[in-house]
Every structure is written in structure tokens, then in C-alpha cells.
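The numbers in the sequence shown follow the working numbering, run straight up by one, and end at 219.
Taking it in order: structure first as C-alpha cells, then the write-up.
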Amino acid sequence: MKSEVKTHPGQKNITEVSGDKLEIFGARVHNLQNIDLAIPRNKLVVITGLSGSGKSSLAFDTIYAEGQRRYMETFSAYARQFIGNLERPDVDEINGLSPVISIEQKSTSRNPRSTVGTITEIYDFLRLLFARASDAISPVTGLPLVKYTEQKIIDLIHELFSEKEILILAPLVKGRKGHYRELFEQLRKQGFLRVRIDGELREISFGLQLDRYKTHDV
């Protein structure tokens with residue numbers, strides 16, 4: 002006999018979709034006993050309990066399985082015939098379900114540099130999404146970043162620093178050993194007059210070189 006969803010005082014109608022939480026009604030996957038629960042959004046939620054209490058049944062076999070099934074339903078009928086159909090978890094209703102990502106402990110990569118993005122293979126897609134569709138915001142000012150042409154940058158420098166002496170610096174060497182004699186000679190031929198070495202501003206003289214056994218910032 003089909004179990005009925007338990008109703009509690011103050012519980013929302015099963016068809017309502019809540020924007021601030023994930024709501025599950027009548028979950029009966031494996032050893033889950035017709036449970037109802039609400040999980041808040043934008044929070045770190047830990048599902049804990051004794052072995053066999055239904056933690057994985059709730060997280061993987063109910064929430065993730067339903068999210069994956071809904072994602073597959075967005076494909077065309079032609080594409081779904083190659084993927085196969087996913088069975089709906091034994092649950093009455095799940096409201097407020099966002100796109101899902103699932104990583105089991107046993108399936109993680111041995112690479113210590115792996116992240117959720119690399120393991121799930123969505124990293125490159127997220128990079129493309131942020132590069133093409135997002136608005137870049139300065140972490141310092143909080144204002145949108147604006148792309149300037151080379152001429153616009155020159156005009157701004159003249160406007161903001163007219164009749165002032167300024168230095169425009171760019172890193173060439175960061176924390177590396179070497180004498181860098183060839184680098185300084187190349188800079189001198191390009192017309193550069195000064196260079197900041199390990200925090201000290203110095204003239205680029207002929208034959209300038211550093212201690213090759215020490216680390217330097219240029």
C-alpha cells in the first residue's frame with residue numbers, strides 16, 4: 002500500500018516551491034522511512050548518523066538521483082535514446098532542487114591539486130561562462146572593471162598625472178636566482194633607464210648583474 006505524505010502543523014502545500022530551502026516529502030529510498038525534511042540553501046549542511054541510517058540514501062540516491070534525472074529530461078528525445086532513462090527515486094515530491102554535483106569519497110582523484118571543478122569536469126565550462134557572460138568586479142573598489150584601449154590608458158595618465166613624475170613598473174622576475182646580466186642589457190637597449198631590484202630602484206648601467214646564488218625580484 003502506498004504510504005501517505007505526513008502533514009505537520011504549518012507545513013506548506015506539497016506543490017509550493019520554496020526559494021530559500023530544499024524541501025523533500027515522503028522519501029522512501031532504501032531504508033528511508035517516508036521522511037519529510039527541509040534543507041536550507043547557501044549553507045554547509047552535514048548529514049550524519051549511524052551506519053545504515055540512510056545518509057547516502059538521502060544524499061546520493063534521493064537528492065542527487067532526482068537532480069540528475071531532471072537534467073536528463075532537458076535533453077531531446079533523440080539524445081535520451083543513447084543515454085538511457087533514469088528511474089525516479091521513491092519520493093513523493095522534491096521542491097527547490099538546484100542543479101546537482103555529486104562526489105563520493107571513494108571516487109576522488111589521487112591528485113592533491115584536484116578540486117570539485119576538475120573532478121566533475123566542469124572547470125573549463127565555468128571558465129568559459131565567467132569569461133563570456135559575467136561582469137568583472139574589482140575586489141578592491143567593488144566597481145565594474147572597464148576595458149581600456151592603449152590610447153585611453155595613455156590619455157588617463159596624462160590627465161591624472163600631468164606635470165608629475167611617475168614610475169610604471171611591471172614584474173619580470175619573482176623570487177628566482179640568477180645574475181640576469183642579459184636581461185638588464187636587453188632592457189638598456191630598449192631604452193629603459195631604471196629598474197627596481199629587490200625593492201631598490203637602480204640605474205641600468207652597462208654590465209649590471211646580480212648575485213646568481215640569491216633569489217631576486219626584478
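C-beta atoms are modelled at their ideal positions from N, C-alpha and C, and glycine is treated no differently.
Cβ neighbour criterion (16 or more within 10 Å) applied to residue i
| i | result |
| --- | --- |
| G20 | exposed |
| K13 | Here K13 scores only 44 on pLDDT, less than 50, and its place in the model should not be relied on; the value that follows carries that caveat. That one is exposed. |
| S58 | buried |
| A78 | exposed |
| Y65 | buried |
| T121 | exposed |
| T63 | buried |
| I104 | exposed |
| L33 | buried |
| I25 | buried |
| A171 | exposed |
| G53 | exposed |
Residue range of the unbroken beta strand (DSSP E) whose run includes residue i
| i | result |
| --- | --- |
| L202 | E201 to E204 |
| I36 | I36 to P41 |
| T216 | T216 to D218 |
| V196 | R195 to I198 |
| A28 | K22 to A28 |
Where residue i sits in the DSSP three-state scheme
| i | result |
| --- | --- |
| K3 | Confidence in K3 is poor, its pLDDT being 35 and thus under 50, which makes the residue's placement unreliable; the coordinate value appears in the next sentence. If DSSP states are grouped into helix, strand and coil, K3 belongs with coil. |
| T63 | helix |
| A137 | coil |
| D212 | coil |
| G50 | coil |
| K175 | strand |
Opening and closing residue of the alpha helix (DSSP H) in which residue i lies
| i | result |
| --- | --- |
| E186 | R182 to K190 |
| F83 | A78 to I84 |
| G118 | V117 to I120 |
Beta bridge counterpart(s) of residue i as assigned by DSSP
| i | result |
| --- | --- |
| V92 | A28 |
| P145 | I138 |
CB contact check: residue i to chain C, cutoff 8 Å
| i | result |
| --- | --- |
| D218 | Judged by its chain identifiers, the structure shown contains no chain C, having just a single protein chain. |
For this session: Count the CB pairs spanning the stretch 176-191 and the stretch 207-215 that are closer than 8 Å, and state whether there are at least three.
Result: Inter-segment contact for the stretch 176-191 and the stretch 207-215 is present: three or more beta-carbon pairs are separated by less than 8 Å.
For this session: Please confirm if the stretch 83-97 is in contact with the stretch 57-71, defined as three or more CB-CB distances below 8 Å between the two stretches.
Result: With a cut-off of 8 Å, the stretch 57-71 and the stretch 83-97 count as touching, because enough Cβ pairs lie within range.
For this session: Check whether the stretch 114-134 touches the stretch 29-49, counting contact only when three or more Cβ pairs, one atom from each stretch, lie closer than 8 Å.
Result: Of all C-beta pairs linking the stretch 114-134 to the stretch 29-49, fewer than three are shorter than 8 Å, placing the two stretches out of contact.
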